[in-house]
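Counting from 1, one number per residue, gives the positions in the sequence shown under this note's numbering. Cβ atoms here follow ideal geometry from the backbone N, Cα and C, with glycine treated the same way. Structure first, commentary second.
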Amino acid sequence: MAPQSLPLQAKEGVHDYENPAVFRRNTLPPRAYFIPETSLLLNGVWDFHYASTPAEAPSPEDKDDEWSSINVPGHWQLQGHDYPWYTNTQFPIPVNPPYVPSENPTGTYRRSFFVPSTWDDESQLRLRFDGVDSAYHIWVNGVLVGFAQGSRNASEFDVTSILKRDGPNELFVRVYQWSDATYIEDQDQWWLSGIFRDVTLLAVPEPTRIEDFFLRTDLDDKYENATLLATVDVKTAEKGSVKLTLSELGKNGGAVIATGEADVNADDTKVELSIPVTNPEKWTAETPYLYRVEITLGSHTVFQNIGFRKVELKKGLISVNGVPIRIRGVNRHEHHARFGRAVPLDYAKRDLLIMKNHNVNSLRCSHYPPDPKLFQLADELGLWVMDEADLECHGFYDAIARPQDVPEEMDYEERKAMTFPKAGKYTSENPVWAEAYMDRMVQLVQRDKNHTSIIMWSLGNEAFYGENHKAMYHYAKKFDPGRPVHYEGDVKAETADMFSYMYPPIDRLTRSVETEDVKEDGSYDKPVILCEYGHAMGNGPGGLDDYIEAFEKFPRLQGGYIWEWANHGLWKEDADGKKYYAYGGDFGERPHDGTFVMDGLLHSTHDPTPGLIELKKAYQPLHLSIEDNKLSIWNKYDFAGVDHLKATYKVEEFGETSSLLAAGNLDIPQIAAGETAKVDLPASLADIKSDKETYITIIFSLKDSTNWAEPSHEIAWIQHKLSGVPAAPKIAHSTVTSKLTVQRARSTATISGSDFAFTFDTARGYLTSWTAAGVPLLEKDAATKAAITPNFWRAPTDNDQPNDAPYWIRFGVDALDSQLRSLDITESADKVELVTSTYLSPRLLDWGWDTTTTYTVDAAGRLTVAVDLKPRGIKPTHVPRVGLNLRLPRALDNVRYLALGPGESYPDKRSSQRLGVFRATVPELHQHYEVPQEGGNRLEARYVDLTGPHGRGVRAAPADAALWSDEAWRRFSFQVSRYAAATVQRAAHPCDLVEEDATLLRLDARVAGVGTAACGPNVREDLKVHVGEFRFGFVLERLGF
């Protein structure tokens, strides 16, 4: 008898993909991920048909349609069909659940395959789909087998009776871009469709087999001895036994540790086993020790690597093996710049290796279960994992907020109070959607339950809060009481096992930690974590140290997860030859959320941004300080000592070069987790004498290789000043000085010596050029008509854009005009002073800077520029920077500097940089961001040299302290670039940047921090550049003459 097809619609007249009660048809029960040896991977090149609506899609019996080809796994939008679409929160379709547009792009996939002849003819055959976006029907040999949705959840279908074992079989899959699931899969990412994870044909024994298994470990009250617990779901037609074997991994010798056995009778469906284990090695993210478990029933064997650990809430804190843990985490979406969410496993492994290399110890799977193979890597490498259900419906917020014109700058908690209760009624509080919500929790827990690295579940993300979430929580706790459950939308932690916040400013966070659900005696039942903080968009995150300080101050605040791991740029090549990583709107999609998808610690290539370098320092597991020639070491690991680390030191003096004065190893005692010890530094350090700045740098690195890093990989460091006063080294000049002359013309004045000349525009009050021995050192900018100008502008960062940049532009900070009020020249025997009084102000507005600039040229050809700024009028409260813009010839391409480096630094993003003498070219000092913006600033500069191919050029250093409002500002900031701020500001992508035929130097007395205001707190008030009176000065000297 031929197999019967299912009807295309579970309910006549209603599309399956528009029926919230239908999310699975004819699928097998969810189970733990395990692929047997008897499996056939069906990935590869499939036939493909694209239609703009389901009605135009072919059926298996249709023969006249034109087919192309497509790679599976993959997305059709990235293989020439339709286009990617990015939104953050807003839905890309009208909000009318469960209905979707009639124009519902539909991709039909087709391929043939053979059942391997070596497989047992009696075996059950299954088709497994690990990820299809967003809903799909499948046919096998013309028979409609079933339907499924839940894009990041797996589905299996029993196709035993339909497949031919002795001939070709046709698999036919129709995938719908939009479905009712779209409303609850509104995560912040690209809308990409198709079969994007593995498709596998499986064979499992019949009639006796293991259907599923759930492994748990428990520890005694001393967290010493353990119990291995196993629940095994079976199918058997006869009496037998289930055998459980615990062994060392092969790399550890493979010895059998313990065994257990339980009888099963015909028609039994579940077996419980329990094996005591004496003092096994414990698994933690710091010490990820694994064992192998094998389960056998008859001829069927499954296996799983597990670690012994116990997760619990203990005294109100998330604890593992009895110890409260500290989460140093990141949020990770699955993304590849060319393949979308079809991420190759080696690429995912690279992500985890980068995390471990940068002191990250925890991973939140945002906002859906990742490829199941990821957890095998997390188990092995050692990461605390929060595994999250594929659930978000944030777009209902926009549906409620926009008609009310709720301003985005309003306090987030106030916006939530106004909108979330109404938004939640669409699905989260709607009983029609209860089973669809529950299915997503069941799929999550059942697939991933056996992975030791997963220490908590999450109900989803930004889906408000309702009865459907409560049911999900209770299911998880009943099935798996050994893991706490997270959900940020449960703001009062009515059911969630922890309070969870997003992007709180430090003051609010502190209040919440100290007061939220705190009892009179100061105790609490639930901890606080930040599921998202430190928004890493563009030049950021700033202010990480403030969060780390809060984590260290409040034990209840157990850490958090940076948003987010990587940019989601998609590689795009335009017809005009432009190539770049695209973001929202670049494919012509409407509506979209622009650059908000470029908010990661990694570039779209998954190479680190400066933000990840900063995070590594913030997350370093040792707190180091030096006082009285002693190194204080606070071991911030939760479990590990410091025996796996070695400590080395070097003492350097910084001047024209960096000179090594001493180096060696430090003997570090045993320091248990959480403990502090002090180590004497070498007494010989006191004998080091130098008239230059002298610093000691101490580095802790791995002694031996691990499965994630090589020996000598750096873990933590500190740099400490031993002696010296910050000063620029003196440049050796000829003792011959020049007689200075001043030549005046109608609108110019030239101050010259024997081999140098400074030319000024006396009509405008600007220096326009400087030459030495015929070599140009400063040149006029065509726009400003000056070689040096006071300036207060920088190209906005992503974090400037929401608040500060519009504010600065409203005050015209980006477009100040200069009006000359007076110009005086004073000549003396050894110097000439040219003093200008100008008024710098924007058009239309009544504010500006009364500016006095004193140019002093001495007989050796040095130029001192002293600036005195006094603001007046209806002025802004803060500006992005205060300093000078200089235009130098392009030939001055080589840069040497004594400052923080080698990377960029800002007042709230500087901890990862060390003082040193660094060398680079101008292009190398440009900080690449995939969305062009301010970057490349260096703090704490003592001098910066720019020279040409023959070593001739310019040094900039701070002038005498008397010329500065604050002597501390003399450790100035600088930026060197080929790109003008206006060019950077206009550029949508790096390929839009046009170089100036010059070297652009910025010398600043003050620069603002960067903050995280793209989604989070702005720059801390004391790290802004508040408008007031400023005095500063720089000395410019020629080099190599």
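| Check | Outcome |
| --- | --- |
| Whole-angstrom distance between Val277 and Asn252, CA atom to CA atom | 17 Å |
| Reduced DSSP category for Asp346 - H, G, I as helix; E, B as strand; rest coil | helix |
| Rounded straight-line distance, which links the Cα of Lys373 to that of Pro101 | 35 Å |
| Rounded C-alpha distance that separates Arg821 from Ala772 | 30 Å |
| Touching by the beta-carbon criterion (3+ pairs, under 8 Å), the stretch 134-153 and the stretch 76-89 | no |
| Whole-angstrom distance between Arg955 and Glu1037, CA atom to CA atom | 5 Å |
| Cβ-based neighbour list, Asn681, same chain, cut-off 8 Å, excluding 5 preceding and 5 following | First, the amino acid is wrong: residue 681 is Leu here, not Asn. Once the five neighbours on either side are set aside, the close Cβ partners of Leu681 are Ile626, Asn629, Lys630, Leu631, Tyr649, Leu666, Ile696. |
| Same chain, Cβ closer than 7 Å to Glu312, neighbours up to 5 away in sequence not counted | Ser319 |
| With 16 other Cβ atoms within 10 Å as the buried cut-off, status of Gln404 | exposed |
| Test item: CB-CB of Asp130 and Ala203 under 8 Å | no |
| Ala57 versus Gly594 - alpha carbon distance | 32 Å |
| Where Lys282 sits in the DSSP three-state scheme | strand |
| Nearest neighbour of Gly577, chosen from Thr287, Ser151, Cys991, Tyr223 [CA to CA] | Cys991 |
| Rounded separation between Gln189 and His568 - CA only | 7 Å |
| Alpha-carbon to alpha-carbon, Asp824 and Val984 | 36 Å |
| Nearest to Ile633 (by Cα), restricted to the options Ser604, Ile698, Gln177 | Ile698 |
| Backbone CA spacing between Val513 and Ile548 [nearest angstrom] | 14 Å |
| Straight-line gap, Ile184 to Ala463 (C-alpha atoms, nearest Å) | 8 Å |
| CA-to-CA distance, Ala987 to Glu930, given in whole angstroms | 10 Å |
| Sufficient close CB pairs (3 or more, under 8 Å) joining the stretch 878-885 to the stretch 905-915 | no |
| For Gln189, three-class secondary structure by DSSP | strand |
| Host alpha helix (DSSP H) of Gly953 (start-end) | Run containing Gly953: none in the alpha helix (DSSP H); it sits in the beta strand (DSSP E), 953-958. |
| Exposure of His1026, with buried meaning 16 or more beta-carbon neighbours within 10 Å | exposed |
| Interface flag, Leu383 vs chain B, CB-CB below 8 Å | Looking for chain B here will not work: only one protein chain is present. |
| Beta-bridge partners of Trp1042, as assigned by DSSP | This structure cannot speak to residue 1042, because the chain is shown only from 1 to 1041. |
| Option in Tyr291, Cys365, Ser747, Gly774 with minimal Cα separation from Ala757 | Gly774 |
| Same chain, Cβ closer than 8 Å to Tyr412, neighbours up to 5 away in sequence not counted | Met502, Tyr503 |
| Distance between beta carbons of Asn803 and Asn1018, contact taken as under 8 Å | 6 Å |
| Those residues which DSSP pairs with Asn305 across a bridge | Arg292 |
| Cβ contact (3+ pairs, closer than 8 Å) linking the stretch 96-111 and the stretch 209-224 | no |
| Cβ contact (3+ pairs, closer than 8 Å) linking the stretch 683-692 and the stretch 654-661 | yes |
| Cβ neighbour criterion (16 or more within 10 Å) applied to Pro168 | exposed |
| Ser179, buried or exposed, once every other Cβ within 10 Å from all chains shown has been counted against 16 | buried |
| Span separating the alpha-carbon of Leu863 from that of Val1035 | 6 Å |
| Neighbourhood of Gln975 by C-beta, 6 Å cutoff - its chain only, sequence neighbours within 5 removed | Gly936, Asn937, Arg1002 |
| Local conformation of Trp969 per DSSP, three classes | helix |
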